[in-house]
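**Q**
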């Protein structure tokens with residue numbers, strides 16, 4: 001039996017690990033840009049992710065890599081039009097990675113169930129209203145600035161406390177718009193306006209974020225800070241670092257892991273869960 005939406009939203013209470021596979025239908029994502037723009041290729045990749053053990057698939061039609069340019073809602077929808085129904089048909093829970101309410105509404109109509117907003121409702125306030133109206137869960141992520149400039153010179157006095165405070169404020173803003181806390185997931189935004197030391201502090205401080213009372217999603221997959229630590233310049237060679245980051249975050253209470261490489265993480269989690277079960 002597959003994972004349900006409720007299983008994902010309650011994973012912080014049950015300790016169940018949720019693996020979210022990444023499907024970028026973009027020409028310019030940092031690791032796999034252009035690989036899945038063709039609907040047939042995207043469908044095959046979604047089927048592969050599910051076969052490897054993905055509980056959810058996060059589909060995005062706008063790259064948020066450092067330095068990326070914005071993509072209009074219309075262009076995002078055009079990229080998703082044929083692809084999204086095929087991904088939904090694969091059977092996993094589908095989230096849509098967008099900051100635009102228009103794109104989110106299209107995706108929900110096509111069968112997506114979760115809204116993943118890297119701006120945490122700041123880019124388009126209509127996203128909170130849409131989530132409240134449709135009863136759709138939301139992932140709220142911390143990002144310093146915007147993708148085009150976020151890595152220019154990120155500065156924090158205490159990154160863990162500042163990110164926690166931001167996420168607490170956004171949980172409150174979502175609640176004021178009618179989105180219940182139990183329908184929210186938080187993401188500290190690894191690599192989104194953070195230096196190496198910030199990313200490491202957030203991975204070590206996941207417990208502070210878990211104290212907000214929602215599931216915590218971690219997305220370190222193939223990111224630059226892993227290359228800084230390991231010397232791996234090619235993002236596709238950062239699997240070992242990705243696994244280490246996910247397992248470290250799991251010990252702090254993170255339960256949702258957004259990755260490109262599903263099968264290796266599924267195996268690593270199986271071993272970690274056998275050694276050190278989480279949850280009640």
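Numbering (this note's numbering), first residue to last: 1 to 280.
The C-beta atom is built at its ideal place from N, Cα and C for all residues, glycine as well.
Owing to the predicted nature of the structure, the values given are computational and were not obtained by experimental measurement.
#1: Looking at the secondary structure, which residues open and close the beta strand (DSSP E) in which residue 95 lies?
#2: Taking the beta carbon of residue 234 as the centre, do at least 16 other beta carbons fall within 10 Å, making it buried, or is it exposed?
#3: Assign residue 20 to one of two classes, buried (16 or more other C-beta atoms within 10 Å of its C-beta) or exposed (fewer than that).
#4: For the alpha helix (DSSP H) containing residue 258, name the first residue and the last one.
#5: Leaving aside the five residues before and after residue 280 along the sequence, list all residues of the same chain whose C-beta is less than 8 Å from its C-beta, in chain order.
#6: Would you list the residues sitting across from residue 275 in a DSSP beta bridge?
#7: Any idea if residue 276 is buried or exposed, counting beta-carbon neighbours within 10 angstroms, 16 or more meaning buried?
#8: With DSSP run on the structure shown, which of helix, strand or coil describes residue 184?
#9: Between residue 97 and the rest of its own chain, which residues show a CB-CB distance below 6 Å, the 5 nearest in sequence each way excluded?
#10: Do you know how far the Cα of residue 240 is from the Cα of residue 272?
#11: Which one of 243, 126, 81, 142 has the shortest CA to CA distance from residue 192?
#12: With H, G and I counted as helix, E and B as strand and the rest as coil, what does DSSP make of residue 171?
**A** Let me spell this out:
#1: Taken as a continuous stretch (DSSP letters only), the beta strand (DSSP E) holding residue 95 covers 93-97.
#2: Exposed.
#3: Flag for residue 20 reads buried.
#4: Element bounds for residue 258: not the alpha helix (DSSP H) but the beta strand (DSSP E), 256-259.
#5: Bear in mind that a pLDDT of 49 at residue 280, under 50, signals an unreliable position, so the number given afterwards is only what the model happens to contain. The answer, listed in chain order, is 13, 14, 15.
#6: For residue 275, DSSP records no beta bridge to any residue.
#7: Residue 276 should be labelled exposed.
#8: Assigned with DSSP and collapsed to three states, residue 184 falls in strand.
#9: Within its own chain, the residues whose Cβ lies closer than 6 Å to the Cβ of residue 97, once the five positions on either side in sequence are excluded, are 58, 60, 116, listed in chain order.
#10: Answer to the nearest angstrom: the Cα atoms are 15 Å apart.
#11: Residue 192 has its Cα closest to that of 142, out of 243, 126, 81, 142.
#12: Note: residue 171 maps to helix in three-state DSSP.
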